[in-house]
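Please read the structure below before turning to the comments.
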Amino acid sequence: MTPARPALRRHLLCALAAPLVLSSLTTPSVADPTFEPLLGSWGGSGTYKLQDGTSEKLKCDAYYTGGGSQLGIAVRCTGQTNKIEMRSKLTSNGGALSGSWEERTYNANGNVTGKLTDESLKLQIVGGVAGSMTVTYDKTKQNVAIATEGIPLKSVTVSLSRK
């Protein structure tokens with residue numbers, strides 16, 4: 010009966026040690042990206058381009074509100090002959106973005122989907138205007154690039170700094 014006890018003890022030790030070994034092999038969880046680096050007021054300048062090749066310089070202000078899984082965006086850009094006033098509400102679920110947008114000057118709106126990382130927002134825009142918007146950022150600066158389809162406004166690029 011004694012020879013069976015060491016075998017039983019070995020099986021018990023293996024059974025108890027298995028969760029410890031397996032837990033040391035799993036990858037530590039990585040925190041979901043947050044909107045925190047964007048929150049606050051930003052200002053800067055940029056350019057919009059039209060389909061016919063003309064362009065105009067813009068002066069812009071952007072405001073990001075919310076936190077956690079919610080982000081509100083308000084961007085106002087003014088040029089010599091045009092202005093753009095865009096608002097968006099986004100929700101992040103593990104970095105997957107969804108939400109809505111509206112452009113108040115031209116009364117257009119629609120939906121947004123995309124991806125949030127620690128350094129960027131990558132959005133697909135559908136509705137009154139279709140296109141994409143990418144915001145790359147750190148704590149002090151950000152670059153916004155908007156590309157549209159099927160309308161005279163072809164693109165908007167803006168560089169912003171924290172106010």
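Reading the sequence shown from the start, the letters are residues 10 to 172 in my numbering. Positions of the beta carbon are idealized from the N, C-alpha and C atoms, including for glycine.
Check                                                                           : Outcome
Exposure label - Gln89; buried when at least 16 CB within 10 Å                  : exposed
Interface flag, Lys92 vs chain C, CB-CB below 9 Å                               : In the structure shown, chain C cannot be found, because there is only a single protein chain.
Where the beta strand (DSSP E) through Asp70 begins and ends                    : 64-76
Thr149 - containing beta strand (DSSP E), residue span                          : Where Thr149 is concerned, there is no enclosing beta strand (DSSP E), given that its DSSP letter is neither H nor E.
6 Å CB neighbourhood of Glu158 in its chain, flanking five on each side removed : Ala139, Gly140
Cβ-Cβ separation, Gln151 to Val144 (assumed contact under 8 Å), whole Å         : 6 Å
For Thr87, the residue or residues it bridges with in DSSP                      : Lys68, Lys92
Host beta strand (DSSP E) of Ala105 (start-end)                                 : 105-112
Closest residue to Ile93 among Thr122, Thr56, Leu47, Ser107 (Cα-Cα distance)    : Thr56
In DSSP terms, what Tyr57 is bridged to                                         : Glu65, Val165
For Glu128, the three-state DSSP class (helix, strand or coil)                  : coil
Secondary structure of Leu48, DSSP reduced to three states                      : coil
Span separating the alpha-carbon of Asn102 from that of Ala71                   : 23 Å
Sheet register partners of Val144 (DSSP bridge)                                 : Leu130, Val153
Proximity to Val135 [Cα-Cα], best of Glu112, Thr126, Glu128, Leu125             : Glu112
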